[in-house]
Amino acid sequence: MEVVHYSVLKDEVLSYLKPSGAGELYIDCTTGEGGHSEALLSTYSDINLVCLDADKDILKVAEERLKPFKGRVKFCNTWFNHYLANYPTDSKRPDKILFDLGISTYHYEKSGRGFSFRKDEPLSMELGADLVVSAADMVNNYPAERLADIIYNYGEERYSRRIAKALAEAREAGAITTAAQLADIVYHAVPEAYRHGKIHPATRTFQALRIAVNGELERLSEALENALKVLAPGGRIGVITFHSLEDRIVKNFFRDKEKDCICPDSAPRCTCGRNHRMVNIITKKPIVPSDKEIKENAASRSSKLRVAEKVAV
Ligand SMILES: C[S@@+](CC[C@H](N)C(=O)[O-])C[C@H]1O[C@@H](n2cnc3c(N)ncnc32)[C@H](O)[C@@H]1O
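As structure tokens, then:
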């Protein structure tokens, strides 16, 4: 078994999600190849862990890697928002919940699903087997305006309209079926100067399509609500994000739950019924990787860890 993913902010996860009692239950919502799970299980010999991932192939890698911890770890191939929404009320509540969002190096390098603009692979980008609209379906069938919105909203791509127009024109000549084809169309759609920037000109378009295919932002918002509901009082949620769209959702969620009243400022009296804050934000500013980590793994440079603790009432 070869592991290709470098787990970001590992020491920080271990320190902020340290157990505060005996026999704690953890949920790793985004197990991937199991890097954070392995670190948690080997550092804290008394914890039990539930490992989730929407991708059954990568979860198999984690199962193999985490064999030494048999008996303390369970695996579940599911979307984290589904798992948390259906968490049985009579089960032990988790004490720590970790999200390390997005996709893994495994997806770019080994999945064969068209996540990377460097590979000539079928354009699927699906993480879960239950999805029905692939990236190829989107680029071949969605109206150009809808594609432009996706690329702008989920990729923050300033040339979204030009790219969408180029995709709509290209598909007239034949279906766009591979990641390499998509990357080539985007490359030629953007201005010459933009082709030689810090990142490949198709990076943002690929990110946008992946987020849209997998409904990543909607799943995150739903999952955070339910994570807080199922978490044991005094328990912690840690979230690692990689771009501003995700980070904004997490920051606003924690800030909202830290308020003891959510009535508008103009309200003459409180009617929201929330009479206490639901979390304490532990990381007033997001935790970012050290220079040493960024040197070891340049891809970690955009990662941010935010942690909140559920108020015990
Ligand atoms: C950045 S990787 C996790 C890497 C892992 N923490 C490690 O150290 O090896 C994110 C993982 O989350 C999974 N994932 C993304 N969104 C998900 C969702 N909504 N539900 C379940 N799994 C998801 C992806 O399939 C991927 O394997």
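Each number in our numbering corresponds to the 1-based position in the sequence shown with 53 added. Virtual Cβ for every residue (Gly too), placed ideally from N, Cα, C.
Helix, strand or coil at residue i [DSSP, three-state]
i: E275; result: helix
i: K357; result: strand
i: D143; result: coil
i: V56; result: coil
i: V103; result: strand
i: V283; result: helix
i: I203; result: helix
i: D153; result: strand
i: K113; result: helix
i: K363; result: strand
i: L220; result: helix
i: N350; result: coil
Residue closest to residue i, alpha-carbon to alpha-carbon, out of the options
i: S297; options: N267, L358 and A255; result: L358
i: S73; options: I302, P286 and R125; result: P286
i: R257; options: T231, Y212 and E222; result: Y212
i: R199; options: K218, R166 and L112; result: K218
i: E210; options: E225, P175, S60 and Y247; result: Y247
i: I252; options: C104, R263, K120 and A236; result: A236
i: V126; options: A280, D81 and Y159; result: D81
i: Y240; options: T231, A261 and I216; result: I216
i: W132; options: D64, A280 and E349; result: A280
i: Q260; options: V283, S90 and Y205; result: Y205
i: D148; options: E116, L70 and A232; result: L70
i: R330; options: E349, S353, K310 and A320; result: K310
i: S177; options: S169, D183 and S187; result: S187
i: V292; options: S95, S144, L151 and L62; result: L151
i: K63; options: E55, L78, G87 and M54; result: G87
i: D99; options: E116, Y79, A276 and F168; result: Y79
i: N194; options: D173, L220, P175 and L180; result: L220
i: C325; options: K312, V303, T336 and F168; result: K312
i: I208; options: E245, E269, Y159 and E174; result: Before going further, note that residue 208 is Gly rather than Ile in the sequence given. Considering only alpha carbons, the answer is E269.
i: C314; options: R146, R327 and P339; result: R327
i: G165; options: G155, L154 and E179; result: E179
Residue i, buried or exposed, once every other Cβ within 10 Å from all chains shown has been counted against 16
i: R171; result: exposed
i: R289; result: buried
i: P317; result: exposed
i: P196; result: exposed
i: V243; result: buried
i: V360; result: buried
i: P342; result: buried
i: R272; result: buried
Curious, which full-length alpha helix (DSSP H) runs of at least 4 residues does the region 163-194 contain? Runs of the alpha helix (DSSP H) inside the region 163-194: 188-194.
Can you give, in chain order, each stretch of the beta strand (DSSP E) that sits fully within the region 244-332 and has at least 3 residues? Qualifying beta strand (DSSP E) stretches, in chain order: 289-294.
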